[in-house]
Structures are given as C-alpha cells and as structure tokens.
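**Student:**
Residue numbers (the numbering used here): 90 to 237.
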C-alpha cells in the first residue's frame, strides 16, 4: 500500500521505538524511517535488534539499536541518553514494547499476566518518565508519546 504522506515528511526527526526489533514495533520503525526519520530501536534481544537494523539499513534507512528492558529504570535512562547522544535529539517516542502469551484467558497463569502488565504498562510508564522529547533538552513528565 502506498503511503498518503510525503516520503520526506519526517526528514530531520529522530525516533526511538521500544519493541522495535520485531512485530508491530518494527513495522512502525520501518514506516518512520521510510518517511525520513532516523530511528533507534530498543529491545531485550540483541540478535533480533541486529537483524532489524540490518533490514532497515539494506533499504538505505538510518537505524541503530540499543538493547534494554523498558521495565528497568536504568535501561530506560541509558537508552534514551544513548539515542539523544547518537542523533543529537529525540523527537518521537513510540512505546511499542509489549508482552504477549499465546494462551486463552483461562490458560494464562497469573505470573504470565503480571509479566504482560509489567511490560505493557510499567514499561510504558518507565520509558516515558525518562523521555527527553522536548526542545530544552531537559527531561519532562508528562508527555504525549505514541502508545501501541
């Protein structure tokens, strides 16, 4: 499907996509990059991130990856700082990290459900708490990220 947006609509923008190594997060990162943004991917699995970055770069798109867990404050702060250091700024934050278990509700164990909540809810809060997406360069809370 052809995009209704200009190919360069995001030129000069820098984006961080949590959960950007696979699935919906990767597709969002791909579209951001195809529309001109330089993208940083965050995820827990280095090998998945490396494949995702290689796929983006094979299209001539600007991409880097930083491994980390959105549930951990130190990882969130480190990845946000690394993204800003690499690109010189951060304009777009996509909270795409998600926990999923392919199980029916009656088969999903409470521990699995808590893991999903930790990644989807706590992770979104944690990375957003350290978001540096403002003009002054000082962290701000709250902000208006894209939550997937």
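The beta carbon of each residue, even a glycine, is placed where N, CA and C say it ideally should be.
If residue 106 and residue 185 are in contact, beta carbons under 8 Å, what's the gap, nearest whole angstrom?
**Tutor:** So it is a contact: roughly 5 Å between Cβ atoms.
**Student:** Tell me, please, which residues DSSP counts as bridged to residue 153.
**Tutor:** According to DSSP, residue 153 bridges with 129.
**Student:** Go ahead and label residue 98 buried or exposed: buried means 16 or more other beta carbons lie within 10 angstroms of its beta carbon, across all protein chains shown.
**Tutor:** Residue 98 is exposed by the Cβ-count criterion.
**Student:** Around the Cβ of residue 209, are there at least 16 other Cβ atoms within 10 angstroms (buried) or fewer (exposed)?
**Tutor:** Buried, because 16 or more other Cβ atoms sit within 10 Å of the Cβ of residue 209.
**Student:** Who does residue 182 pair with in a DSSP beta bridge?
**Tutor:** In the DSSP output, where bridge partners are listed per residue, residue 182 has 105.
**Student:** In angstroms, rounded to a whole number, what distance separates the CA positions of residue 200 and residue 217?
**Tutor:** If you take the alpha carbons of residue 200 and residue 217, they lie about 24 Å apart.
**Student:** Measure the C-alpha to C-alpha separation of residue 170 and residue 153 and round it to an integer number of angstroms.
**Tutor:** Taking the straight line joining both Cα atoms gives about 13 Å.
**Student:** Where does residue 177 sit, in a helix, a strand or coil, going by DSSP?
**Tutor:** Here residue 177 sits in coil by DSSP.
**Student:** Quick one: grab the DSSP three-state call for residue 193.
**Tutor:** In this structure, residue 193 counts as coil in the three-state DSSP scheme.
**Student:** Distance, Cα to Cα, residue 101 vs residue 181?
**Tutor:** Each residue's alpha carbon lies about 11 Å from the other.
**Student:** Can you give me the Cβ contacts of residue 126 inside the same chain, cut-off strictly under 6 Å, excluding the 5 residues immediately before and after it?
**Tutor:** Cβ neighbours of residue 126 beyond the five flanking positions: 99, 102 and 104.
**Student:** Where does the unbroken alpha helix (DSSP H) through residue 188 begin, and where does it stop?
**Tutor:** Where residue 188 is concerned, there is no enclosing alpha helix (DSSP H), given that its DSSP letter is neither H nor E.
**Student:** What residue from 142, 128, 207 and 167 has the CA that sits closest to residue 188's CA?
**Tutor:** Residue 207 is the option with its Cα nearest to residue 188.
**Student:** If I follow the unbroken alpha helix (DSSP H) through residue 138, where does it start and stop?
**Tutor:** Looking at the DSSP string, the run of the alpha helix (DSSP H) that includes residue 138 is 135-147.
**Student:** Could you check what DSSP says for residue 167 in three-state terms: helix, strand or coil?
**Tutor:** In this structure, residue 167 counts as helix in the three-state DSSP scheme.
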